[in-house]
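Notes follow once the structure below has been shown.
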Amino acid sequence: TSSRSSISFFSSAARSRHLQSSSACISLGHSRGLLPRGASISAAMSALSFPMLEGSTFVSVDDCLEALQASVSSSSVGTGTATHDGPKLVFVDGSWYHRGDRNGRLEFEDGPRVAGARHIDMDDIAAHPDLFPDLNPKGLPQMLPPARLFAAFMDECGIANSDHVIIYGKDGCVFTPRIWFLFRSMGHDPSKIHLMQGPFEEWEAKGGSVESGRTMVPQAADLDLGREPSYRPADAKNVVGMEDILEVLDEGRSMAEGDTLILDPRGSTFSRGHMPGAIHIPYSSLVERDNALKFKPKEELLRIFQDAGVAANTDKRIICSCGSGVSACHLVAALEECGRDVWSDDRKTVIYDGSWAEFGFDPEVPDKYRVSSE
């Protein structure tokens, strides 16, 4: 395993390499008017507030460009060094691919990428059974990480609780909402976590600052989990386990009669096996056909839920389950966009993190609770 200093963005050696690799994009930003002369990328990301982002989960690429412009226009810019007293604007690449040979981490490391961005690999920043066998004895994929791992990774990436975080992905990536949910579940300020509604390629085409050159992404196995973190996380919220699902199904009531709805956003795999009464709302129906990183307008999302028999603001508890807890996050983001209060009651709107990867194969689940539509 590589030493921590050799892979970290923010160890002194890695910081130097990362800033050196940003020199080309700084020049590009200067030439396009996005960065003042003498401003570094890190300084350019420091600002007091971002009104075009505040409180919005879905933000356009133009909104993100405006936020960068606002940050470089702030009084903190021009010193050539970052300031850490106020909130920063941080871009996080959440590219992850569930099919094919593409690897989001490796593509990020090779570049190009948003200048100064970080990357979160949902396979790595997770309760991986190799690192946390007690937390994940079944070896389930992409399980939410323990708070101490998330905090250590935030510190390694230089992300503070007060920072505005814009999550983006490359064309062909679908599942950035999982990284959005990760931040929300771990207690980051809900008004400061944003999903860029468009791919990296659109950002680049519109003149957003981009860097190339090799960098390295920190890995969970190299982080010091015993050190007191600067970032203050919460234990994962808005999450339930298999016992919660069994409790709902054991009541023997239909979704219409009961006080809980189970929503499932999977694609074709839904018909191969799902929970009885689960309401099928494919995640692909929630996003634009030609842009999988852009959610449909609120009015269309409301209609999609209504057509499925779901009122976004229902008093019923909503459990979102999918294959492994990833695409379920599309449903949470869409429900919030439709006006559902997701975060004030962390038991009212939840994801089942183990999802079908656990429920579909665990011997404790009665066969009658596995329904096939094929």
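With the working numbering, letter number 50 in the sequence shown gets 94, and the count goes up by one each step, no holes.
Glycine included, C-beta positions come from ideal geometry on N, C-alpha and C.
None of the values given here were measured: they were computed from a predicted structure.
Query                                                                                                                : Result
Cα-Cα separation, residue 262 to residue 194                                                                         : 12 Å
Cβ pair residue 159, residue 133 closer than 9 Å                                                                     : no
N-terminal and C-terminal residue of the beta strand (DSSP E) that residue 339 is part of                            : 335 to 339
Collapsed DSSP secondary structure at residue 275 in the structure displayed                                         : coil
For residue 211, three-class secondary structure by DSSP                                                             : strand
Rounded C-alpha distance that separates residue 211 from residue 239                                                 : 5 Å
Alpha helix (DSSP H) segment containing residue 361, residue limits                                                  : Note, residue 361: premise wrong, no alpha helix (DSSP H); beta strand (DSSP E) at 361 to 364.
Where residue 240 sits in the DSSP three-state scheme                                                                : strand
Residue 203 versus 275, 255 and 235, residue with shortest Cα-Cα distance                                            : 275
contact_flag[the stretch 330 to 345, the stretch 154 to 174] where n(CB pairs < 8 Å) is 3 or more                    : no
Burial state of residue 265 (16 or more Cβ within 10 Å)                                                              : exposed
Three-state class that DSSP yields for residue 157 in the structure shown                                            : strand
Beta-carbon proximity list for residue 173, same chain, < 6 Å, skipping 5 on both sides                              : 180 and 183
DSSP three-state assignment for residue 162, whether helix, strand or coil                                           : strand
Run of the beta strand (DSSP E) containing residue 137, from where it starts to where it stops                       : 133 to 137
Run of the alpha helix (DSSP H) containing residue 220, from where it starts to where it stops                       : 220 to 229
Whole-angstrom distance between residue 311 and residue 402, CA atom to CA atom                                      : 18 Å
Reference residue 175; option with closest CA among 269, 325 and 366                                                 : 269
Residue interval of the alpha helix (DSSP H) (run including residue 349)                                             : 342 to 351
Contact check, residue 442 vs residue 165, beta carbons under 9 Å                                                    : No answer is possible for residue 442: it lies beyond the span of the chain, which begins at 45 and ends at 418.
Residue 235 to residue 209 span [Cα, whole Å]                                                                        : 10 Å
Own chain partners of residue 139 with C-beta closer than 6 Å, once the 5 adjacent residues on each side are dropped : 148, 213, 214 and 217
Coarse secondary structure for residue 85, derived from DSSP in three states                                         : Reliability of the predicted coordinates at residue 85 is poor, the pLDDT of 47 falling under 50, and the value obtained from them is presented with this limitation in mind. If DSSP states are grouped into helix, strand and coil, residue 85 belongs with the helices.
Top-ranked residue by Cα proximity to residue 368, from 356, 332, 286 and 206                                        : 286
As assigned by DSSP and simplified to three states, the class of residue 396                                         : strand
Straight-line gap, residue 365 to residue 191 (C-alpha atoms, nearest Å)                                             : 22 Å
Span separating the alpha-carbon of residue 196 from that of residue 189                                             : 11 Å
Residue from 381, 137 and 230 with nearest C-alpha to residue 344                                                    : 381
Sequence ranges, beta strand (DSSP E) only - wholly within the stretch 262 to 320, length at least 3                 : 304 to 308
Range of the contiguous alpha helix (DSSP H) that encloses residue 386                                               : Here residue 386 belongs to no alpha helix (DSSP H), and DSSP marks it neither H nor E.
Whole-Å CB distance - residue 304 paired with residue 391, under 8 Å assumed                                         : In fact, because the Cβ distance is near 11 Å, the residues do not count as touching under 8 Å.
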